[in-house]
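Below is one structure, written out as structure tokens, with a few remarks after it.
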């Protein structure tokens with residue numbers, strides 16, 4: 174699986190929510206693209222990942 178351009182190893186069937194937690198991401202502050210399609214936040218826990226998936230995870234950071 175590719176996450177933000179880097180090869181990562183995860184078990185097939187890992188949910189997107191579990192993957193985000195493993196990277197210490199807060200689901201409220203990320204946008205996720207899975208295989209070039211945006212995943213709605215309400216689907217994070219039901220979206221299961223498989224080998225060869227490509228993820229892009231974007232975090233939101235406040236500032237000024």
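In the working numbering, the protein residues as written are 174 to 237. Glycine is no exception: its CB is placed at the ideal position from the N, C-alpha and C atoms.
Selection from the options that minimises the alpha carbon distance to residue i
i, options, result
"residue 200", "221, 190, 179", "190"
"residue 177", "213, 218, 219, 209", "209"
"residue 206", "235, 197, 231", "231"
"residue 219", "179, 180, 181, 187", "187"
"residue 214", "225, 226, 227, 198", "198"
Near the ligand COA: residue i beta-carbon under 7 Å from a heavy atom
i, result
"residue 230", "Ligands in the displayed structure: none, and consequently the ligand COA is not present."
Anticipated Cβ contact below 8 Å, residue i with residue j, distance rounded
i, j, result
"residue 193", "residue 183", "11 Å between Cβ atoms; not a contact."
"residue 175", "residue 223", "The pair is not a contact, with the Cβ atoms about 12 Å apart (cut-off 8 Å)."
### Runs of alpha helix (DSSP H) wholly within the region 183-231 (minimum 4 residues, chain order)
189-195
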